[in-house]
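If you read the protein sequences in the order shown, they are chains G and P.
Under the working numbering, the first residue of the first sequence carries the number 1, and numbering increases by one thereafter.
Under the working numbering, the first residue of the second sequence carries the number 1001, and numbering increases by one thereafter.
Let me begin by presenting the structure, written as structure tokens, before commenting on it.
Protein chains: 2
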Amino acid sequence: MSRISEPSVRRLSHYYRVLEEVAAEGKRMISSHLLAEREGITSAQVRKDLSSFGSFGRRGLGYHVEHLRDEIRALLGLDRRWRACVVGAGHIGAALLGYRGFADQGFDLVAVFDADADRIGRTLEGRVVRPVSQLSAKDGFEIGVIATPVRAAQEVADALVAAGVQGILNFAPRKLRVPDSVTLRAVDMTMEFESLSYALTHARAGRLSAGRVRRRPPRGRPRA
Amino acid sequence: MSRISEPSVRRLSHYYRVLEEVAAEGKRMISSHLLAEREGITSAQVRKDLSSFGSFGRRGLGYHVEHLRDEIRALLGLDRRWRACVVGAGHIGAALLGYRGFADQGFDLVAVFDADADRIGRTLEGRVVRPVSQLSAKDGFEIGVIATPVRAAQEVADALVAAGVQGILNFAPRKLRVPDSVTLRAVDMTMEFESLSYALTHARAGRLSAGRVRRRPPRGRPRA
DNA sequence: TTTTGTGAACGTGTTCACAGCG
DNA sequence: CGCTGTGAACACGTTCACAAAA
Chain G
1 MSRISEPSVR RLSHYYRVLE EVAAEGKRMI SSHLLAEREG ITSAQVRKDL SSFGSFGRRG
61 LGYHVEHLRD EIRALLGLDR RWRACVVGAG HIGAALLGYR GFADQGFDLV AVFDADADRI
121 GRTLEGRVVR PVSQLSAKDG FEIGVIATPV RAAQEVADAL VAAGVQGILN FAPRKLRVPD
181 SVTLRAVDMT MEFESLSYAL THARAGRLSA GRVRRRPPRG RPRA
Chain P
1001 MSRISEPSVR RLSHYYRVLE EVAAEGKRMI SSHLLAEREG ITSAQVRKDL SSFGSFGRRG
1061 LGYHVEHLRD EIRALLGLDR RWRACVVGAG HIGAALLGYR GFADQGFDLV AVFDADADRI
1121 GRTLEGRVVR PVSQLSAKDG FEIGVIATPV RAAQEVADAL VAAGVQGILN FAPRKLRVPD
1181 SVTLRAVDMT MEFESLSYAL THARAGRLSA GRVRRRPPRG RPRA
């Protein structure tokens, strides 16, 4: 297990979901081809990804569903719980706090902060909104989620770093600067809309890059 | 302007934002180096990206801020308005409908649909929630946004396609199947959390791929 | 001199194709 | 035979480095 590419890690998340589904269906083994099919990628890609982490499959048989699922869960760090806080008690903050799926995956959004005096003290999805000035290391947050307006985002990022978070998930449409020791991920909805707009605008002019269409492999046996 | 890569289009969105800021600051010209600095990429990348769309710069001077901004706006298809609808009147739907930024970029979220009888008829961010069964081609939606629970996502995607949308933005954490003629983009918050979790889990073991750190170019003149 | 535009070099991720094992 | 694991080939995106233009 040497250097793992980021796209590979993202695919791991997908494999994990498929495996959860397949496990629920009661299947015991799954082939790289079947795993790939649900994902829209090639079976070679699946095998490459998995083999870069270890030898999880059995030649001639495929992968043991539950075993592989557990291995991936551990690889992704989902076999533990993460303490996270949300900064920004607006619409997005509320949406995040209200979504049960995160807790199911081990992400506990245990606190909400906001700078707006009108919001402080009110309850949002069961958590009392605290003033952002109270953000400190003694709460032991490992992850900070930024759900503020753009103008506040960098300032909040700095505060989160000062509070000792190891990772930040940023929902504000702005590139943030954080020290190398802090991991940053961004969800940029505005950019996604714009990327869609670009694709639609250029779609009829020859289907340029309008959608990352991925051909399924020919599926027949290799010629010659 | 031949084949444009998707990463290149996404960077275009960033350039656009920087140019809006810089234009507001009253600057007339900007160099590829300055554009790159705000973005954390190399100036060569900026020039490559821009030159793949046309010759917008002037050697020795840089790029004219307002002109380049307008060119990119047109390239991204932001010089027009898009009719979009949101399916799913839950937290995420509400967050999207409540965010003014989309309208500012030309995306009009003109309607909300939901399958839940309790929600239908209620008002959400100024729009009356309509039954998802009413979704039809006569509303002329160009873009459909899926903000439903996972289990409903594929069904809703099919309905949107039937209603004639050209593009779909999916917020449900599930791979969707749509015809090639429809462009699909996905915002997967769950995956983003998991990617963060992976990075944090493996961070101390040698800083593998924990954060896509991009070095600024050496900045000195080329040696030799 | 400054800074763009771009072919060439490079690096990285994906696909192929087959050896190896069950 | 079926299917994984993997080196080799390939495709693609990024960076370099320099000629051309202002």
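The beta carbon of each residue, even a glycine, is placed where N, CA and C say it ideally should be.
All figures in this text were calculated on a predicted structure; none of them were measured in a lab.
Asked	Found
Using a Cβ-Cβ cut-off of 8 angstroms, state whether Ser1031/P counts as contacting chain G.	no
Is there a Cβ of chain P sitting closer than 8 angstroms to that of His64/G, yes or no?	no
Please classify Ala1224/P as buried or exposed, where buried requires at least 16 other C-beta atoms within 10 Å of its C-beta.	Unreliable placement is indicated for Ala1224/P, whose pLDDT of 24 sits below 50; the coordinate value is still reported in the next sentence. Counting Cβ neighbours within 10 Å, Ala1224/P comes out exposed, since fewer than 16 surround it.
Measure how close the beta-carbons of Ala95/G and His1091/P come, nearest whole angstrom, since I'm counting them as under 8 angstroms.	4 angstroms
Tell whether a beta-carbon distance below 8 angstroms holds between Gly1144/P and Val1129/P.	no
Note down, in chain order, each residue of its chain lying with its Cβ closer than 8 angstroms to the Cβ of Ala1137/P, except the 5 sequence neighbours on either side.	Ala1162, Ala1163 and Gly1164
According to DSSP, which residues form a beta bridge with Ile1041/P?	Paired residues: none, contrary to the question.
Pick out whichever of Val9/G, His14/G, Gly57/G and Ser5/G has its Cα sitting closest to the Cα of Lys1175/P.	His14/G
Between which two residues does the beta strand (DSSP E) containing Val145/G stretch?	Ile143 to Ile146
May I ask you to report which of helix, strand or coil DSSP gives Tyr99/G?	coil
Assuming Asp158/G is part of the alpha helix (DSSP H), what are its boundary residues?	Val150 to Ala162
Give the single residue among Ala24/G, Ala152/G, Gly106/G and Arg81/G whose Cα lies nearest to the Cα of Asp114/G.	Ala152/G
Going by other Cβ atoms of all chains shown within 10 Å of its Cβ, with 16 needed for buried, is Thr123/G buried or exposed?	exposed
Measuring straight from C-alpha to C-alpha, what distance separates Ala103/G and Asp1070/P?	43 angstroms
Hey, would you say Gly1140/P sits closer than 8 angstroms to Arg1058/P, going by beta carbons?	no
Using the C-alpha atoms, what's the distance from Asp1079/P back to Ala199/G?	14 angstroms
Go to Arg59/G, then tell me how far its alpha helix (DSSP H) extends in each direction, as first and last residue.	It is not in any alpha helix (DSSP H) - Arg59/G carries neither H nor E in the DSSP assignment.
Provide the residue span of the beta strand (DSSP E) that contains Arg10/G, from first to last.	Unbroken run through Arg10/G is the alpha helix (DSSP H), Glu6 to Ala24; no beta strand (DSSP E).
What are the start and end residues of each continuous alpha helix (DSSP H) run of 4 or more residues lying completely inside the region 171-205 of chain G, in chain order?	189-203
Identify whether Asp49/G lies in helix, strand or coil by the three-state DSSP scheme.	helix
Do you know how far the Cα of Glu1142/P is from the Cα of Gly1211/P?	At Gly1211/P, the pLDDT of 35 sits below 50, so the modelled position is not reliable; the number obtained from the coordinates is stated separately. Gly1211/P and Glu1142/P: Cα-Cα distance of roughly 35 angstroms.
When DSSP labels each residue in this structure, what does Pro217/G get in the three-state scheme?	At Pro217/G, the pLDDT of 35 sits below 50, so the modelled position is not reliable; the number obtained from the coordinates is stated separately. Three-state DSSP puts Pro217/G in coil, outside helix and strand.
For a contact defined as C-beta to C-beta under 8 angstroms, what are the partners of Lys1175/P on chain G?	His14, Arg38, Glu39 and Gly40
Under 8 angstroms between the Cβ atoms of Val112/G and Leu97/G?	yes
Should Arg100/G go down as buried or exposed, given a rule of 16 or more other Cβ atoms within 10 Å for buried?	exposed
If the cut is a Cβ gap below 7 angstroms, which residues of chain G does Glu1192/P touch?	Leu169, Arg185 and Val187
Going along chain P, which residues have a C-beta under 8 angstroms from Thr101/G?	Here the sequence assigns Gly to residue 101/G, which means Thr is not the residue at that position. Result: Pro1173 and Thr1190.
Where does Val1129/P fall in DSSP's three states?	strand
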